[in-house]
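J.: In this text, residue positions in the sequence shown follow UniProt numbering: the first is 1, and each later residue adds one.
By construction, the Cβ of each residue, glycine as well, lies at the ideal position given by its N, Cα and C atoms.
Bear in mind that the values here come from a model prediction, so they are computed numbers and not experimental data.
Can you read through this structure? Questions will come right after.
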Amino acid sequence: MKNLIPNLAPKRSFHVTYPIELPRRRTFFTSSVFLQKDGTEPERISPVEFAADKKNGNSKSTTPRKKRKAPLKNSLHRVAIVAQKGVPSKSPAVADTAEGDGSSTISAVCVAESFDMDGVASILTSHGFSLDPDGTGFEVTEVVHARALNKGDIFVFPSGTIVTWALPTDVVNMLATKHLLPAAESPFVEDKEVEDLDFLTDPDQEQSLVTGNVVVIGTQREVKDGDRLDTTLAKIAFSSGLARSTKLAVLESSLTRYLESTRYIPDQLSQGLRAPLSRELILQKTGELLNLRSQLNHYNDLTDALPDIFWDSEEKLETYYSKIGKALDVGVRIKTLNDKMTYAQEVVNVAQNVLDISEKMTSEKHSTRLEWIIIILIAIEVAFELRRLYMEKYDVFEEEVLEELRSIRAHMARGANKGGADKA
């Protein structure tokens with residue numbers, strides 16, 4: 001892909017002054033023994049001179065290179081564990097640099113389910129960035145690469161993730177949450193996931209690697225020939241792996257929130273209590289779980305051993321992608337995430353069964369109530385019928401008694417009349 005706007009100064013910068021452009025202060029707090037003694041800095045040498053001195057064994061004694069301690073607090077393994085817990089990791093570079101300008105930091109920010117890549121390219125172009133400055137040849141739909149004024153790199157992936165190299169934290173945050181937000185599809189700025197790693201460049205190596213708690217970019221070809229293509233391709237491979245980890249962290253956080261929302265179900269069932277379930281709630285939780293599972297296994301390249309963009313690329317890019325994924329325990333985290341989703345599905349199934357049993361019991365109680373109502377109505381009807389029969393029989397008996405009384409009365413009247421006639 002050719003540069004869209006070569007050598008065009010940005011129309012609007014993301015920040016006014018880069019920290020790296022500011023004069024170095026001599027009174028700031030530092031852990032350097034040399035700066036604490038007299039407030040002066042050791043002589044600066046270029047990476048090429050340092051590499052030459054290193055080969056000749058003439059490295060200056062005034063700038064001894066400290067040995068890196070074993071990775072404990074800021075190791076990639078810890079970053080992976082922190083991401084698996086859904087908590088943004090702290091940047092080792094920020095912890096190790098007094099200025100905190102992000103000059104040795106890789107920052108990955110996931111702010112949306114996906115990006116409209118044409119929109120991303122349009123936004124970056126409108127800010128004066130030239131796209132694909134090193135001619136990597138990747139399509140805009142695969143990855144968008146731009147370079148900032150301080151030579152920091154910006155990589156935007158369709159998965160809704162932005163990966164930056166050597167950019168200050170505030171610039172990264174503004175870029176992800178403000179400038180590129182119009183191109184985001186289904187953004188979640190409040191719940192964004194951030195993962196930071198530190199990196200360094202080695203002009204003595206051609207191949208890049210992951211060692212300890214840092215990503216080492218081999219810049220031998222760039223230093224000798226001035227060709228940054230290999231360096232940029234390595235950064236794209238590592239960035240793609242880190243973007244995969246950050247996207248996975250989003251799903252891990254979403255699943256954690258989902259499990260928290262359904263935690264009361266097994267708790268109440270274990271205590272013999274009836275959980276407040278409804279058919280609508282079960283359908284909602286089932287839909288949320290299916291959405292998470294589909295994002296993990298179907299709609300993204302998270303479970304693919306190699307993304308589509310590296311199929312026709314050099315084999316070393318696949319190696320870089322695999323190394324960063326292994327360092328961040330992506331494979332283990334995907335398996336763990338699927339296991340948690342299986343458990344969540346079991347909870348939903350149990351809740352569905354409990355709801356079915358509850359509805360069945362309610363239906364049986366309703367049927368029993370109806371049966372008793374019918375029995376009572378029948379009993380009332382029988383009572384009224386018995387009363388009617390009794391009343392009818394009583395009325396007939398009453399008529400017979402009255403008829404008998406009338407006949408007796410008539411007979412007595414005739415007898416009285418006959419006795420009076422005899423006396424007369």
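#1: Indicate the three-state DSSP secondary structure (helix, strand or coil) for Ser363 in the structure shown.
#2: Should Tyr390 be labelled buried (16 or more other beta-carbon atoms within 10 Å of its own) or exposed?
#3: Output needed for Gln295: all residues of its chain with C-beta closer than 7 Å, excluding positions within five of it in sequence on either side, in chain order.
#4: Hey, out of Ser322, Gln352, Met341, Met361, whose CA is closest to Ser208's CA?
#5: Just how far apart, CA to CA, sit Ser165 and Arg263?
#6: Please report the straight-line C-alpha distance between Glu404 and Ala379, rounded to a whole angstrom.
#7: Apply the 10 Å Cβ neighbour rule to Leu370 and answer buried if 16 or more other Cβ atoms are within range, or exposed otherwise.
#8: Just the Cα atoms here: how many angstroms apart are Leu317 and Phe310?
#9: Along the chain, where does the alpha helix (DSSP H) containing Phe115 start, and where does it finish?
#10: Which partner residues of Gly272 appear in the DSSP bridge assignment?
#11: Span of the alpha helix (DSSP H) holding Asp230?
#12: For Glu346 and Val140, what's the separation of their Cα atoms in angstroms?
#13: Between which residues of its own chain and Glu49 is the CB-CB distance below 6 Å, once the five residues before and five after are set aside?
#14: Going by DSSP, name the residue or residues bridged to Glu195.
#15: Please report the distance separating the alpha-carbon of Asn417 from that of Glu392.
#16: State the beta-bridge partners of Glu185 as determined by DSSP.
#17: List the endpoints of the continuous beta strand (DSSP E) containing Val172.
#18: In the DSSP assignment, the alpha helix (DSSP H) including Val223 goes from what residue to what residue?
#19: Below 8 Å on the Cβ atoms is my guess for Val348 versus Leu289; work out the distance and round it to an integer in Å.
#20: Using the C-alpha atoms, what's the distance from Glu280 back to Asn3?
#21: Could I get the ranges of all uninterrupted alpha helix (DSSP H) runs contained in the segment 309 to 367, with 4 residues as the minimum, in chain order?
#22: Find the nearest neighbour of Lys192 within the set Ser407, Ser254, Leu355, Tyr343, judged by alpha-carbon distance.
#23: Which first and last residues belong to the beta strand (DSSP E) in which Leu306 is found?
#24: Take Asp339 as the anchor and find which of Pro133, Arg293, Ser367, Asn353 has the nearest alpha-carbon.
#25: Would you mind giving the Cβ-Cβ distance between Thr231 and Thr219, rounded to the nearest angstrom? I have them listed as a contact below 8 Å.
#26: Going by C-alpha to C-alpha distance, which of Ala146, Leu242, Lys285, Glu113 sits closest to Ala344?
#27: Hey, could you find the ends of the beta strand (DSSP E) Leu209 is sitting in?
#28: Can you tell me whether Asp395 is buried or exposed, with buried defined as 16 or more other CB within 10 angstroms of its CB?
#29: Which word fits Arg257, buried or exposed, when buried means at least 16 other C-beta atoms lie within 10 angstroms of its C-beta?
#30: Can you tell me whether residue 511 is buried or exposed? The criterion is at least 16 other CB atoms within 10 Å of its CB, across all chains shown.
#31: So the beta strand (DSSP E) Thr164 belongs to, where does it begin and stop?
#32: Rounded to whole angstroms, how far is the Cβ of Val214 from the Cβ of Asp198, which I believe are closer than 8 Å?
#33: Determine which residues share a DSSP beta bridge with Phe155 and list them.
#34: Would you identify the three-state DSSP class for Thr136, choosing helix, strand or coil?
#35: Tell me the residue span of the alpha helix (DSSP H) that contains Glu206.
#36: Just how far apart, CA to CA, sit Ala148 and Ser261?
T.: In brief:
#1: helix
#2: exposed
#3: Leu251
#4: Ser322
#5: Correcting the residue identity first, residue 165 is Trp in this sequence and not Ser. Those two C-alpha atoms are separated by around 40 Å.
#6: 37 Å
#7: exposed
#8: 7 Å
#9: Careful: Phe115 lies outside any alpha helix (DSSP H), inside the beta strand (DSSP E) at 112 to 115.
#10: Gly272 is not bridged to any residue.
#11: 229 to 261
#12: 41 Å
#13: In this prediction, Glu49 has a pLDDT of 44, which is less than 50 and means its spatial position is unreliable; what the coordinates show is noted afterwards. Closer than 6 Å at the Cβ level, and outside the excluded window around Glu49, lies no residue.
#14: Ala108
#15: 37 Å
#16: Ser114
#17: Element bounds for Val172: not the beta strand (DSSP E) but the alpha helix (DSSP H), 169 to 174.
#18: 220 to 225
#19: 6 Å
#20: Residue placement at Asn3 cannot be trusted, given a pLDDT of 41 that sits under 50; what the coordinates show is reported in the next sentence. Asn3 and Glu280: Cα-Cα distance of roughly 53 Å.
#21: 315 to 327
#22: Ser254
#23: No beta strand (DSSP E) holds Leu306; DSSP gives it neither H nor E.
#24: Arg293
#25: 6 Å
#26: Lys285
#27: 209 to 211
#28: exposed
#29: exposed
#30: Lying outside 1 to 424, the shown extent of the chain, residue 511 is not represented and no answer is given.
#31: 161 to 165
#32: 5 Å
#33: His145, Val163
#34: coil
#35: Glu206 -> no alpha helix (DSSP H), and no H or E assigned at all.
#36: 42 Å
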